[in-house]
Structure formats: C-alpha cells, structure tokens
Amino acid sequence: MSRITAVGCLFLAIFVGVQLKCGESGVPVLPTKVTVQITNRLSERYLAVHCKDKNTDLGVHQLNVGETYSFKFFPKYYFPTTLYFCHFTWLEADHYFDIYVQDRDGYCSDNTCIWEIFAEIFGRKNL
C-alpha cells in the first residue's frame, strides 16, 4: 500500500470514528448554534433580564408578561465550557442563574433551550 493511500485510510478511519462518537453522544459533527429562550411567566409584573458570558454582555432587556427574549451563540466545540448566566429582577426578587451550562445543557432539544420564569421557580421546558 502506498504512503498516500495509507494516510487517506487513516483520515477516513478517524472521520468515521468521530462520526460514530458524535452520533452516540448527541453532539453534532459540525458546530451548531444554540438558542436560549427566556419567557416571563410572572403574573402582572415586568421582568428585567441581564445575560452575559465571560466575554459578552448581552445587555438588559425588559419583558412584559408573556414576552420572550432569546439569544444565539456557538458553544465551544472541543472544550465544552460555555457558560451564560443571567440576572433576573422584578418587584419582589433579585436572582442570578446559570441559564446555559454546556456540560449540563449541551444542545438542549433541537438546539433550543427554553426557560420560563415564574415567581416561585425557574422552569425549563425542554429537559
């Protein structure tokens, strides 16, 4: 077998192995954007949402009851350490929450992580 053929076979074997591993773990073969959706489910109150990661501040967003704020990003592909956290404020409360943790959330359901904010709890719709 020539050297070129051997190298080609090696790359093909690596590619097939990566495909199989990715299919098994639910991680896409190519990087894919993830969407995080946050919906205000507080009764008769506006919700202030301020999300960011280590490098990007997404700003403060005011949500009326039933409104949704969403943002998209590419999670880190080889080192799954992407983290987004949000500060939520309304009349009676002030909370911080890790809204996206790559090790915990991965690619969620169909690349969308849906969160609903209630006065009592934070609820994730697609577990």
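If you use mature numbering (1 follows the signal peptide of the UniProt record, and there is no 0), the sequence shown corresponds to residues -20 to -1, 1 to 107, in order.
Yeah, the Cβ is synthetic: ideal placement off N, Cα and C, and Gly gets one too.
Residue i - DSSP class collapsed to helix/strand/coil
i: T(-16); result: helix
i: D85; result: helix
i: Y80; result: strand
i: C2; result: Here the model assigns C2 a pLDDT of 49, short of 50, so the residue's position is not dependable and the matter cannot be decided.
i: N91; result: coil
C-beta atoms of residue i and residue j nearer than 7 Å
i: V81; j: L63; result: yes
i: I18; j: Y49; result: yes
i: N20; j: I79; result: no
i: C88; j: F77; result: no
i: K56; j: T15; result: no
i: L38; j: C31; result: yes
i: P60; j: D85; result: no
i: residue 121; j: F54; result: Here the chain covers residues -20 to 107 and nothing more, so residue 121 does not appear.
heavy atom of the ligand SAM below 6 Å from residue i C-beta
i: D33; result: The ligand SAM is not part of the structure shown, which contains no ligands of any sort.
Any chance the region 42 to 57 sits against the region 16 to 31, with 3 or more Cβ pairs inside 8 Å? Touching, yes, given that three or more Cβ pairs across the two stretches are closer than 8 Å.
- Message: If we require 3 or more residues per run, which beta strand (DSSP E) segments fall completely within the region 8 to 85?
- Response: As far as the region 8 to 85 is concerned, its whole beta strand (DSSP E) runs of at least 3 residues are 14 to 20, 27 to 32, 37 to 43, 48 to 53, 63 to 70 and 73 to 81.
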